Amino acid sequence: MLKIVRFWGFALFIASALMVTGPSSGAENEAAVDENTAYRIHPGDTLLISVWREENLQREVIVRPDGGLSFPLVNDLQAAGKTLEELRAELTERLGRFIPDPVVTVEARQLLGNKIYVIGKVNRPGEFPVNRNVDVVQALAMAGGMTPYAAVNKIKILRRSGDGTLAAIPFEYGDIEKGENLEQNIVLQAGDVVVVP
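The sequence shown maps to residues 108 to 304 in our numbering.
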């Protein structure tokens, strides 16, 4: 009988220790999410913006091609390139000039502005809307993989910067297959074009 009590006492101790440490480590992981992985708003995205207890300030808005959006009381503001939290903070600050302590919510309804393109010698070239981070290898998989005639070590990622200049980033699939130079398997940004010659 004493062995059974000891066993269950030990099991209860382990279970309580896991309960104490379990949730905090999950919360730490959530808090440790890198700012760079947060979704950034793009032209074409549909957002739901609402202000608590202000029925006239609940709108679904589409981010314009210039990256801006319009909202009552704040007029125009730049949304593209910001995270949902950054946009919420800016709206809260601007609306605070007219409404005491506004509680603003910004939700992404449709992420149509976040598109990547894969062209060239792939099985399904085209435009791919994405709602999460996608790296080069994942984009190639979305395009059905490469054809047998693809020059797998001459792939380029075309990226246009904010000032309009175009950069060609090299990507050698053969290295990735060998587990080498994995840092070249970059996360794609909206508008990136993966060219497979």
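We treat Cβ as the ideally placed atom computed from N, Cα and C, and that holds for glycine. The structure displayed is predicted, hence computed values, not measured ones.
Asked	Found
Start and end residues, alpha helix (DSSP H) containing R147	Looking at the DSSP string, R147 is not in any alpha helix (DSSP H), and its letter there is neither H nor E.
CB contact flag (N292, V237, <9 Å)	no
The stretch 202-221 in contact with the stretch 152-167 per 3-pair CB rule at 8 Å	yes
L289 versus D282: straight-line alpha-carbon distance, rounded	8 Å
Cβ neighbours of M253 in the same chain (closer than 7 Å, five flanking residues each side left out)	K228, V229, L247, V259, V303
Classification of N240 by the beta-carbon crowding that lies within 10 angstroms, buried from 16 upward	exposed
Entirely enclosed alpha helix (DSSP H) segments - the stretch 253-298, minimum 4 residues	280-285
Sub-9 Å separation of R201 and L219 beta-carbons	no
Residue(s) in a DSSP beta bridge with T153	I169, Q217
Cα-Cα separation between A297 and N221, rounded to whole angstroms	5 Å
Distance, K263 Cα to P255 Cα	18 Å
Sub-9 Å separation of E192 and A145 beta-carbons	yes
E161 - partner residues in DSSP beta bridges	V158
Continuous alpha helix (DSSP H) stretch holding L176: start and end	L176 -> not in any alpha helix (DSSP H); beta strand (DSSP E) instead, spanning 175-178.
CB of R266 within 9 Å of CB of V294, strictly	no
Three-state secondary structure (DSSP) of V244	helix
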